[in-house]
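Residues in the sequence shown are numbered consecutively from 91, following our numbering.
Note that the Cβ used here is the ideal one computed from N, Cα and C, for glycine as well.
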Amino acid sequence: MLSRKLITAIYLALTIFSIEAAQQRIVGSPDARFVINSDANSFEYILEANGKTVLKGQLGLAVPSVAGRATETCESGESDACFEYGDYARLYLTAPKGESNCATVEWYSNFGRRLEDCFDLLSGVHWYGGGETKVQTWPIETEKRDEAPFVAGDFLQPNVQFGGLLDTYWISTSGVAIHVQEDSPLFTSWNTTHPNQFCFVAQDRAPYVERDAVRLKYDICVPKAGETFKDVHLRSLKKYYTLPTEIPDETMIVYPFWSTWAEYKADINQTLVVQMAKRLIEEGYTTNSHIQIDDNWETCYGEAEFNSNKFPDLPGMMRELGELGINRTTVWVHPFINFNCPSFQTAFDKEYFVKDVRNKQTITWWWEGQNSGLIDFTNPEAVNWYRARLQKLQTDTGITSFKFDAGESTWLPPSVKPANGDVNLLPNLMSTKYVESVAAFGGMIETRTGHRNQNLAIFLRMLDKDSRWGYDNGLKSMIPSLLLFSILGYSFVLPDMIGGNAYGSESPSNEMYIRWAQVNVFMPSWQFSVLPWDRDPTGLRDRAVKEAVELRISYASKFLEAARQTVEDGSPMNRPMWWVDPEDPETYTIDDQFMLGDDILAAPVTTEGALSRDIYLPKGTWLLPSNNLTFTGPQWLRSWPAPVDYLPFFVRQ
91 MLSRKLITAI YLALTIFSIE AAQQRIVGSP DARFVINSDA NSFEYILEAN GKTVLKGQLG
151 LAVPSVAGRA TETCESGESD ACFEYGDYAR LYLTAPKGES NCATVEWYSN FGRRLEDCFD
211 LLSGVHWYGG GETKVQTWPI ETEKRDEAPF VAGDFLQPNV QFGGLLDTYW ISTSGVAIHV
271 QEDSPLFTSW NTTHPNQFCF VAQDRAPYVE RDAVRLKYDI CVPKAGETFK DVHLRSLKKY
331 YTLPTEIPDE TMIVYPFWST WAEYKADINQ TLVVQMAKRL IEEGYTTNSH IQIDDNWETC
391 YGEAEFNSNK FPDLPGMMRE LGELGINRTT VWVHPFINFN CPSFQTAFDK EYFVKDVRNK
451 QTITWWWEGQ NSGLIDFTNP EAVNWYRARL QKLQTDTGIT SFKFDAGEST WLPPSVKPAN
511 GDVNLLPNLM STKYVESVAA FGGMIETRTG HRNQNLAIFL RMLDKDSRWG YDNGLKSMIP
571 SLLLFSILGY SFVLPDMIGG NAYGSESPSN EMYIRWAQVN VFMPSWQFSV LPWDRDPTGL
631 RDRAVKEAVE LRISYASKFL EAARQTVEDG SPMNRPMWWV DPEDPETYTI DDQFMLGDDI
691 LAAPVTTEGA LSRDIYLPKG TWLLPSNNLT FTGPQWLRSW PAPVDYLPFF VRQ
């Protein structure tokens, strides 16, 4: 027989359990709603849309136990639900509603220095978006990423997680699109501190500016009845970002250009540039966009004047290039001025360099200078001066356009203060303003950083790729990088140099070089540097590259058609395989195929030594142009032959 004390204990336990269970709160309608369960300090929630669970997670993981249990204290009209932890923090929830069908989660704290929400990586659900990384995968839920600030950086430097492109936007195959408000001091993690979860953290610490209150605010958009996650994505992209109103340079889309960088590195001069151009024509590469003069042409870094010792007769060089049929030339530039340049003092006296919170100009470093000034692109006068110098360079030399390097937060001095703009948008604000400022030079330019710059008709370059095969910044990372850029709204992608940069002892083998060129054929633009006819006594590499160039040119109209569609409706030029059929799960994890527009399916080989590969054809009828065979999808073509000089691709009928 149970004792009176034991019966009392059981009764109390059941009472406490019923009180805990009663903390469930439903916010929203049956079509789209939060189902929230609170424990002592945090909330577990389920987000449902059209009767399905589309997202699960936890809110308030960083709230300390001393803050106590949240109480619901919502003023009328403020939001659908509000929870307060005394004076420590407030949580505001708004259910999915409106044309965009988006919910809003907002944390606000005057005292807390850390706010954290995490989302479950549900089985069978795949995620895309976020930022460029050195090890690029598609989709991204399998990655393990330590908590890091979500800022544009140079991942070639130590302890830098992200590359130059990132935006606070993610989309999942369950139909959830998440956008974090840009003034949140955001850190992210995947599969590390919280296994099988990805997390948003707002923290009042570097590289963000100090602030009186910490806020973490984000929207969660869900599908309406009958919508696919592709529909949610296109709707969300237009809600949070602005589409371009025109396409960039058409010649650069269709034809290759040739850079001096990987072939000659910084050892360039007039003789080598002309020699490279002559060899191009002699070897049969006569249809080109332009030649690009890369690193170390200036008198000193940032002076924006040609070194006359290396380039003694610029008019003569430009004339020779023109006689060869190369009428466009670009040069590599950057936002720095080294201390030893005469222009450094001019810019310093005019206060054109980035300032710190004490309103003092600062010195920074970069890979070509340890004591350098960084132009403040939030200062309109500094922008006008910077652009005027490059315009003068164009007028004086006949240079057509520019490659704009750097621009990421990696190169910012600590504790910066913008001349104009919301300090809470730092440091990514500096990247945004840099790209906005240089976009004035038109549709031939390229940058390697971008944040909220989707509206610009310019080319965005992948960060330097290494001459290796793997996902670790090698050939296998090319298509995942392309698809990431595309899904974030940057359609006009410039892949890095074919064959990689040949840094150190790395050099692309003939097989790697050919496969790299094939991967690039149906991408929005392409660039060569390591010369295709060198280091190949068989001539196979040269022949394969010429075939690739001819193939691309033969589909010029498809490239321009896809580019114009970006302007019309936001569809990227290159699309993931699920774009064809977003309800086909087979397409969700394919990371080595992609579409050009609606009709061309590219399936290049990215594995060393492979002479065949599996190819997935989604629904539809697909023509194999090499022999006019047609196939009906969906189906896998297993072990499809792919010799080194062959690029598998199909055209939808």
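Quick one: using the 10 Å Cβ neighbour count with 16 as the cut-off for buried, is D177 buried or exposed?
-> exposed
In terms of residues, what are the limits of the alpha helix (DSSP H) holding H323?
-> 319–330
Which residue comes first and which comes last in the beta strand (DSSP E) that contains M406?
-> Residue identity differs from the one stated: residue 406 is Gly in this sequence, not Met. Element bounds for G406: not the beta strand (DSSP E) but the alpha helix (DSSP H), 404–413.
Which residue's Cα is closest to the Cα of N200: H541, N378, R305, P338?
-> R305
Three-state secondary structure assigned by DSSP to F401 | If DSSP states are grouped into helix, strand and coil, F401 belongs with coil.
Anyone know if the C-beta pair for A692 and F739 falls short of 7 Å?
-> yes
Environment of D562 [buried if 16+ CB atoms lie within 10 Å] | Classification of D562: exposed, given that the 10 Å Cβ count is below 16.
Assign P622 to one of two classes, buried (16 or more other C-beta atoms within 10 Å of its C-beta) or exposed (fewer than that).
-> buried
Give the DSSP-derived three-state secondary structure of S93 in the structure shown.
-> With a pLDDT of 48 at S93, under the threshold of 50, the modelled position of that residue is not reliable, and the figure given next carries that caveat. Here S93 sits in coil by DSSP.
Could you give the DSSP three-state label for N378: helix, strand or coil?
-> Correct three-state label for N378: coil.
K234 beta carbon less than 7 Å from that of N281 | yes
Considering Y218, what are the terminal residues of the beta strand (DSSP E) in which it resides?
-> 217–223
Per DSSP, I705 forms a beta bridge with which residues?
-> L727
Runs of beta strand (DSSP E) lying entirely within the stretch 109–197, each at least 3 residues, in chain order = Within the stretch 109–197, the complete beta strand (DSSP E) segments at least 3 residues long are 115–119, 122–128, 133–139, 142–149, 171–175, 179–187, listed from N- to C-terminus.
Assigned secondary structure, P239 (DSSP; H/G/I helix, E/B strand, else coil) = Strand, per DSSP.
Pair every Cβ in the stretch 573–585 with every Cβ in the stretch 533–553, then say whether three or more of these pairs are closer than 8 Å.
-> yes
Should L626 and N600 be called a contact, given that it needs their Cβ atoms to be closer than 7 Å?
-> With the sequence shown as reference, residue 626 is identified as Asp, and Leu is not the correct amino acid for it. Cβ distance < 7 Å, so D626 and N600 count as in contact.
Would you kindly work out how many angstroms separate the C-alpha atoms of L181 and F133, rounded to a whole number?
-> 10 Å
Identify every residue that forms a DSSP beta bridge with S349.
-> Q382
Rounded Cβ spacing between F252 and G221 (contact assumed at less than 8 Å) | About 4 Å separates the two Cβ atoms, so the contact holds.
Exposure label - W726; buried when at least 16 CB within 10 Å = exposed
Just mark I230 as buried or exposed, buried being the case when its beta carbon has 16 or more other beta carbons within 10 Å.
-> buried
For my contact list, P708 and G723 are in at a C-beta cut-off of 8 Å; report their separation, rounded to the angstrom.
-> Correct: roughly 5 Å between the Cβ atoms.
Mark T485 as exposed unless 16 or more other C-beta atoms lie within 10 angstroms of its C-beta, in which case mark it buried.
-> T485 comes out exposed.
What residue does the beta strand (DSSP E) around T420 start on, and which one ends it?
-> 419–423
How long is the line joining the alpha carbons of F443 and N359, rounded to whole angstroms?
-> 30 Å
Whole alpha helix (DSSP H) runs in the stretch 632–684 with 4 or more residues, listed along the chain?
-> 646–659
Report the residue from D210, S729, A171 whose alpha carbon sits nearest the alpha carbon of E818.
-> In the structure as shown, the chain begins at 91 and stops at 743. Residue 818 is therefore absent and cannot be evaluated.
Residue range of the beta strand (DSSP E) that includes W280 | 276–280
Output the distance between the C-alpha atoms of S527 and N449, rounded to the nearest integer angstrom.
-> One C-alpha to the other measures close to 22 Å.
N-terminal and C-terminal residue of the beta strand (DSSP E) that R551 is part of | First-last of the beta strand (DSSP E) with R551: 549–551.
Check the C-beta distance from Y198 over to A303 and give it rounded, since I have them as a contact under 8 Å.
-> 6 Å
If you run the structure through DSSP and keep just helix, strand and coil, what is F467?
-> coil
Per-residue DSSP class, three states only, for F443 | Reduced to three states, the DSSP call for F443 is strand.
Answer yes or no: do G265 and V144 have a C-beta to C-beta separation smaller than 7 Å?
-> yes
Around the C-beta of F564, are 16 or more other C-beta atoms found within 10 angstroms, so that it is buried, or is it exposed?
-> This sequence places Gly at residue 564; Phe is not what is there. Classification for G564: buried.
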